[in-house]
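Just so you know, we're using the numbering used here here: the first sequence kicks off at 1 and counts up by one.
The C-beta atom is built at its ideal place from N, Cα and C for all residues, glycine as well.
All of these numbers come straight from a predicted model, not from anything done at the bench.
This report concerns only the one structure given below.
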Amino acid sequence: MKTYYALVDCNNFYASCERTFQPSLRHVPIVVLSNNDGCVIARSEEAKAVGIGMGAAYFEVKPLVLMYGVRVFSSNFALYGDMSNRVMTTLQEFSPDIEIYSIDESFLKIRTEKDPLEYAREIRNRVWRCTGIPVSVGMAPSKTLAKLASKKGKAQGGAFCIDEVNRTKILEDCPVEKLWGIGKQHAMKLCRWGLNNAHLLSKADNNWVLNHFPVTVLRTVEELRGTPCIPFEMEPANRKSICSSRSFKHDVTDYHDLSEALMTFTARAAEKLRQWNLYSQALSLFIQANPFSGRPYYANSLTIPLPVATSDTTELSDKAAIVLRRLYKKGYNYKKAGVVLMDLVTEKGIQQDFFDDVDREKRQRLMASMDKLNKQMGRDTVRTLGSGINRPWATRRELLSKRYTTCWQELKTVD
DNA sequence: TCTGGGGTCCTAGGACCC
DNA sequence: TCTGGGGTCCTAGGACCC
Numbered sequence: 001m002k003t004y005y006a007l008v009d010c011n012n013f014y015a016s017c018e019r020t021f022q023p024s025l026r027h028v029p030i031v032v033l034s035n036n037d038g039c040v041i042a043r044s045e046e047a048k049a050v051g052i053g054m055g056a057a058y059f060e061v062k063p064l065v066l067m068y069g070v071r072v073f074s075s076n077f078a079l080y081g082d083m084s085n086r087v088m089t090t091l092q093e094f095s096p097d098i099e100i101y102s103i104d105e106s107f108l109k110i111r112t113e114k115d116p117l118e119y120a121r122e123i124r125n126r127v128w129r130c131t132g133i134p135v136s137v138g139m140a141p142s143k144t145l146a147k148l149a150s151k152k153g154k155a156q157g158g159a160f161c162i163d164e165v166n167r168t169k170i171l172e173d174c175p176v177e178k179l180w181g182i183g184k185q186h187a188m189k190l191c192r193w194g195l196n197n198a199h200l201l202s203k204a205d206n207n208w209v210l211n212h213f214p215v216t217v218l219r220t221v222e223e224l225r226g227t228p229c230i231p232f233e234m235e236p237a238n239r240k241s242i243c244s245s246r247s248f249k250h251d252v253t254d255y256h257d258l259s260e261a262l263m264t265f266t267a268r269a270a271e272k273l274r275q276w277n278l279y280s281q282a283l284s285l286f287i288q289a290n291p292f293s294g295r296p297y298y299a300n301s302l303t304i305p306l307p308v309a310t311s312d313t314t315e316l317s318d319k320a321a322i323v324l325r326r327l328y329k330k331g332y333n334y335k336k337a338g339v340v341l342m343d344l345v346t347e348k349g350i351q352q353d354f355f356d357d358v359d360r361e362k363r364q365r366l367m368a369s370m371d372k373l374n375k376q377m378g379r380d381t382v383r384t385l386g387s388g389i390n391r392p393w394a395t396r397r398e399l400l401s402k403r404y405t406t407c408w409q410e411l412k413t414v415d
């Protein structure tokens, strides 16, 4: 029995999700936009081919969109999240050892006698058959090599395996900046030392690496040699922070509009907190003016500790309001704002405060009822008044597809 | 004039990831 | 007119302690 790490990566995931429910788009270029329809965050292969860059501003690529008939979508996370679950559930049929790494990627630990390349192809085919999502599968002796193998796999019919025989060649062909864990800064520095491909990096001396780079780079080096160094994490680690932030459709100048937005973000973050059964011990708030407006720029943030860890929307909203009063400066065009809940603990980790006069059990019951109603009847059915009614600051989402898999009213129909 | 040695904890900022 | 959102880990340096 041999053990392999497999990385399964959904190809152009968001674009593929849109395509699954509109098969007529199969060979049509597609892009998916970020929140606020600001920039491109996913592209089908056809869209890449006509020159639309990752992260490009939508208004800048509009000429290309028109010229090539590119179909454009606002991001539909209700759909992508649900499709992701379907893919991950399918993968679990292959191995109980699964690390869900992101919305569109999972590592699997595979023990098999079979030819690993055959096995990888089987994974790819089954995910395609069960979900309609195309994936690339890479098999290798470490996670870093599996990542590399899956990239290679994308160009090779969807599956690839790195072994002793082909490893040197693959590493020689791989520039260091393409490696998982090596970003722009480290890549530049490595190149200055002449280590411009993954093979040369794998031959570097350990002490030399440690003297010049953080230990994360040494881990990458070991992984390139085929020694697993990056832990395989099946249990999702408990969150350390939760953030909710947005850019606004229009610049916000009015204090009350900004406050409404931040109260909404606070409620959203608190909801997530309760979903994970966590409590926050500090609240941080940030506001940013529009850096592109040509007007004076202001950005600031402030963090306050919470005397007793809490996940109560009303309590957190009160604190956020206090922080905002201290941060807000009149006369700026605010473009973005957000709330970060930090120092998260589980119920066991809550330190009681002798002088605490809040009936926390009662508040917890209130939050539980609110969450239940919002889950059954739709988000924001019950909300705090401070989070606003008209929401002039709302996010732009003009090209949204249907929530085909999570909303009865929006199910796919057959004409 | 000259001022040790060893340790921990916290924080901000950098780098990286999807 | 229009430029995303949400995370983690590591390190250096400061504060503080004996």
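Check                                                                                                                                                        : Outcome
Looking only at C-alpha atoms, which of Arg274, Phe13, Phe354 sits nearest to Trp128?                                                                        : Phe13
In the DSSP assignment, find the beta strand (DSSP E) that holds Arg71 and state where it starts and stops.                                                  : 71-74
Starting from Ala146, follow the beta strand (DSSP E) in both directions and report where the run begins and ends.                                           : Per DSSP, Ala146 belongs to no beta strand (DSSP E); it is in the alpha helix (DSSP H), 143-154.
Going by alpha carbons, who is nearest to Arg496 out of Ser401, Glu45, Phe213?                                                                               : Past the edges of the chain, shown from 1 to 415, lies residue 496, and the structure says nothing about it.
Using only alpha-carbon positions, find the residue among Thr314, Glu315, Ser284 that is nearest to Asn300.                                                  : Ser284
What does a CB cutoff of less than 6 Å around Pro307 pick up in its chain, not counting 5 residues either side in sequence?                                  : Asp353
By the DSSP assignment, the beta strand (DSSP E) with Tyr14 in it spans what residues?                                                                       : Careful: Tyr14 lies outside any beta strand (DSSP E), inside the alpha helix (DSSP H) at 13-20.
Helix, strand or coil, according to DSSP, for Pro231 in the structure here?                                                                                  : coil
Using only the alpha-carbon positions, how far apart do Asp343 and Ser280 sit?                                                                               : 6 Å
Considering just the uninterrupted stretch of the beta strand (DSSP E) at Gly338, what are its terminal residues?                                            : 334-342
Lys319 lies in the alpha helix (DSSP H); which residues open and close that run?                                                                             : 313-327
Quick one, which of Lys329, Val137, Phe77 has its alpha-carbon nearest Phe94's?                                                                              : Val137
Should the region 306-325 be called in touch with the region 249-264, which here means at least 3 C-beta pairs below 8 Å?                                    : yes
Taking the DSSP output, what are the residues bridged to Phe160?                                                                                             : Gly138
Take Gly69 and list the residues in its own chain whose beta-carbon comes closer than 8 Å to its own, dropping the five residues that flank it on each side. : Val28, Pro29
Going by the beta-carbon positions, is the gap between Phe232 and Phe59 smaller than 8 Å?                                                                    : no
For Ser247, which of helix, strand or coil comes out of DSSP?                                                                                                : strand
In its own chain, which residues sit with a C-beta less than 6 Å from the C-beta of Pro305, not counting the 5 before and 5 after it?                        : Ala282
Quick one: residues in its chain with C-beta nearer than 6 Å to the C-beta of Thr405, no 5 flanking neighbours on either side, listed in chain order?        : Asp82
Between the beta-carbon of Asn374 and the beta-carbon of Thr381, is there less than 8 Å?                                                                     : yes
Tell me which residues share the same chain as Glu113 and place their Cβ nearer than 7 Å to its Cβ, disregarding the 5 neighbours each side in the sequence. : Met1
Got a sec? Which residues, its chain only, sit under 8 Å from Asn197 by beta carbon, not counting five neighbours each side?                                 : Leu171, Glu172, Asp173, Cys174, Pro175, Val176
For the candidate residues Ala337, Gly388, Thr313, Asp356, whose alpha-carbon lies nearest to that of Ala368?                                                : Thr313
Got a sec? Which residues, its chain only, sit under 7 Å from Gly132 by beta carbon, not counting five neighbours each side?                                 : Thr20
Alpha carbon to alpha carbon, how far is Ser311 from Leu366? Give it in angstroms, no decimals.                                                              : 12 Å
Keeping to the same chain, check which residues put their C-beta closer than 6 Å to that of Asp104; ignore five residues upstream and five downstream.       : Cys10, Phe13
Please report the straight-line C-alpha distance between Asn166 and Leu201, rounded to a whole angstrom.                                                     : 17 Å
Taking the DSSP output, what are the residues bridged to Glu105?                                                                                             : Asp9, Ser102
Are there 16 or more other CB atoms within 10 angstroms of the CB of Thr90, so buried, or fewer, so exposed?                                                 : buried
State the CB to CB distance for the pair Ala140 and Tyr297, rounded to an integer number of angstroms; the pair is presumed to be in contact (CB under 8 Å). : Not confirmed; about 46 Å, so no contact.
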